[in-house]
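For reference, the structure discussed in these notes is given below.
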Amino acid sequence: MTDGKAGSQTGNLNLKLGNRNLVLGRTASAGDLTEAILRGKRKEREAESEWRLEKDKIEREVVKRSKLLSKSPEKNKELTEGEMEAIMKKLSEIDVRIMEECAGLGRRVDQLKEEGKKEREELKKMWEEDRKQMSERIERLEGRLERLEKAAEEDVDMSADGDTTVRKRGQVDSGTERRMRKIEMDIEKREREIRRKNVILKGVDMRESVDWKTEVDRVWNKMEVVGGRKNMRKIGALDKEGKGLLLIELEGLEKKKEVMEAKNKLKGEKIRVEDDLTYEERRIKKIVMEEAFKERAAGKNVKVGYMKLLVCGNLRQWDEAEGRWKLEEGNE
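What follows is the structure in structure tokens.
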């Protein structure tokens, strides 16, 4: 391999380690923190609702007992002084009980608020640590890459412990190339994991006069999907008609599966639902679609899957490591 090729490989990889990678440590953790904060607030609302229900129940009991005194005026006249004292004592006990219940529920609400606050603080701390670790890891990878680039430019071989040995000009060590490839694959794997729960809505009307969130609700209703959206944000630029892309982070993989299975109900719509793919996944998808188009043009029956094709019953799988099509065993 020539010096130019080595510089090209490392240069391309260095571009992939740019601004995009600095975001990797944040997305998943930010989602976890948001979910925890919402869970803490939900606990507070449940406690306050429980307090109100109990208070209403006790007040209804007081009103009910009060009505008993006014239903039969003739009988009330016959109540003795002792009976009246007993009734008043009972009402007083009920009043005390109401106050105690209210105080207890108030303390419980305060306790839940404090627990929620502590939980949010702990998760925020974990998120900060996770982000710091990811930033440090990216810095180490970038530093390692810079040394590999320098080694390629100066025609030296760099070992794992940082030692260097001179190499003949025009040669690139296979170990260096493997390490560079591993760094690239690790970053790609991390990015795919982050994007797995996301979907992309294409063709959403985002003009200033249009409420695009209402448009998303309409699409969700047409797919008959209930909730499941954690975060939504616009990505990319708008086209001439004011339509663009919307990234939606879903609550989990089960909800993602439900949405992808229901997207067929959008036939006739200009809005499309697609997976949130990395650059490499989009590149391979283009290869798959071009191959499918070629086979269909030849009159063959073709079904398209993720990095694979089923052509006349024979499965072809795209091999990422080797960068070529592979026939599954048993196929011609």
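So in the UniProt record's numbering, the last one in the sequence shown is 332, and the numbering has no gaps at all.
Every residue gets a Cβ at the ideal spot worked out from N, C-alpha and C, and that includes glycine.
Computed from a predicted structure; not experimentally measured.
Rounded distance between the beta-carbons of GLY242 and MET206, thought under 8 Å: That pair is a contact at about 6 Å.
Distance, LYS117 Cα to ILE98 Cα: When rounded, the separation of the alpha-carbon atoms in ILE98 and LYS117 is 28 Å.
With 16 other Cβ atoms within 10 Å as the buried cut-off, status of ARG316: Looking at its Cβ environment, which holds 16 or more other Cβ atoms inside 10 Å, ARG316 is buried.
Contiguous beta strand (DSSP E) assignments of at least 3 residues, all confined to the segment 93-117: Listed in chain order, nothing qualifies, since the segment 93-117 has no complete beta strand (DSSP E) run of 3 or more residues.
Coarse secondary structure for GLU290, derived from DSSP in three states: In the three-state scheme derived from DSSP, where H, G and I count as helix and E and B as strand, GLU290 is classed as helix.
Local Cβ density within 10 Å of MET134, reported as buried at 16 or more and exposed below that: Buried, by the Cβ-count rule.
Cα-Cα separation, LEU141 to GLU101: C-alpha separation (whole angstroms): 59 Å.
Nearest-angstrom Cα separation, counted from LEU105 out to GLN111: Taking the straight line from one Cα to the other gives about 10 Å.
For ASP275, the first and last residue of its enclosing beta strand (DSSP E): 272-275 is the extent of the beta strand (DSSP E) around ASP275.
Cross-strand partners of MET232 (DSSP beta bridge): Note: MET232 sits in a beta bridge opposite ILE248.
Start-to-end residues for the beta strand (DSSP E) that takes in LEU315: First-last of the beta strand (DSSP E) with LEU315: 314-319.
CA-to-CA distance, TRP220 to TRP212, given in whole angstroms: Near 12 Å, if we compare the C-alpha coordinates of TRP220 and TRP212.
Cβ neighbours of LEU250 in the same chain (closer than 8 Å, five flanking residues each side left out): The beta carbon of LEU250 is closer than 8 Å to those of LYS197, ASN198, VAL199, GLY228, ARG229, LYS230, LYS256, VAL259 in its chain, skipping five residues each way along the sequence.
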